[in-house]
Amino acid sequence: MTMKAPKDFVCTPVSRVAVSWICVATNDGNPLHLDPEFAKKAGYKDVVVPGHILIGWMGQYLEELCEGDPSRILDWKIRFTLPVWPGDQFTLRGELGANSGAEDVQTVTVTAISQENKVCGIVTATLGTIGVSKNAPH
Numbered sequence: 317m318t319m320k321a322p323k324d325f326v327c328t329p330v331s332r333v334a335v336s337w338i339c340v341a342t343n344d345g346n347p348l349h350l351d352p353e354f355a356k357k358a359g360y361k362d363v364v365v366p367g368h369i370l371i372g373w374m375g376q377y378l379e380e381l382c383e384g385d386p387s388r389i390l391d392w393k394i395r396f397t398l399p400v401w402p403g404d405q406f407t408l409r410g411e412l413g414a415n416s417g418a419e420d421v422q423t424v425t426v427t428a429i430s431q432e433n434k435v436c437g438i439v440t441a442t443l444g445t446i447g448v449s450k451n452a453p454h
């Protein structure tokens, strides 16, 4: 089974409210994410958006590639390349890779590109092209 070519997805701009909520949800009280004055004293231009926000968007993108079946996400790794700031907006761009000879497995790379055309994160993933049995070991 061949996967459809991924479409770009434009995320909503990162809001300070979203940053606060993700910090609450993940029990992350790091002032680098919440206190603009602390972040500036540490040498940053503003608070640094927690990576969980980008991880969530990229995970959702992968799930949509798998037609809503998260059991088809067999493996994924993320690498952050630049800090994310409040107000940043990303385009997630997916690219299908080789299927490494297995007919039911597809590799994909997802890149998070900022409104300034800078790459802020890259995911490499292995996706099953058919659903994984709920009884099969993972």
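The opening position of the sequence shown corresponds to residue 317 in our numbering, with each subsequent residue numbered one higher.
Even glycine gets a Cβ: it sits at the ideal position worked out from N, Cα and C.
ask   = Where are the beta strand (DSSP E) runs, 3 residues long or more, that stay fully inside the stretch 335–401, in chain order?
value = 389–396
query = Terminal residues of the continuous beta strand (DSSP E) containing P438?
reply = The identity of residue 438 in the sequence shown is Ile, whereas the question assumes Pro. First-last of the beta strand (DSSP E) with I438: 435–444.
query = What is the rounded straight-line gap between the Cα of L455 and the Cα of G413?
reply = Residue 455 lies beyond the stretch modelled for the chain, which goes from 317 to 454, so this question has no answer here.
ask   = Which word fits P329, buried or exposed, when buried means at least 16 other C-beta atoms lie within 10 angstroms of its C-beta?
value = exposed
Contact under 9 angstroms by Cβ, L370 with I394 = yes
inquiry  = Cutting at 6 angstroms between CB atoms, please list the residues of its own chain near H368, excluding the five before and the five after it.
reply    = I338, T342
Integer Cβ distance of C327 from W373, believed to fall under 8 angstroms = The beta carbons of C327 and W373 sit about 5 angstroms from each other, so the pair counts as a contact at 8 angstroms.
Which listed residue (S331, P322, M319) has its alpha carbon closest to that of G403 = Sorting S331, P322, M319 by C-alpha distance to the C-alpha of G403 places S331 at the top.
ask   = Who are the Cβ neighbours of K434 in its own chain at under 7 angstroms, not counting the five residues just before and after it?
value = L398
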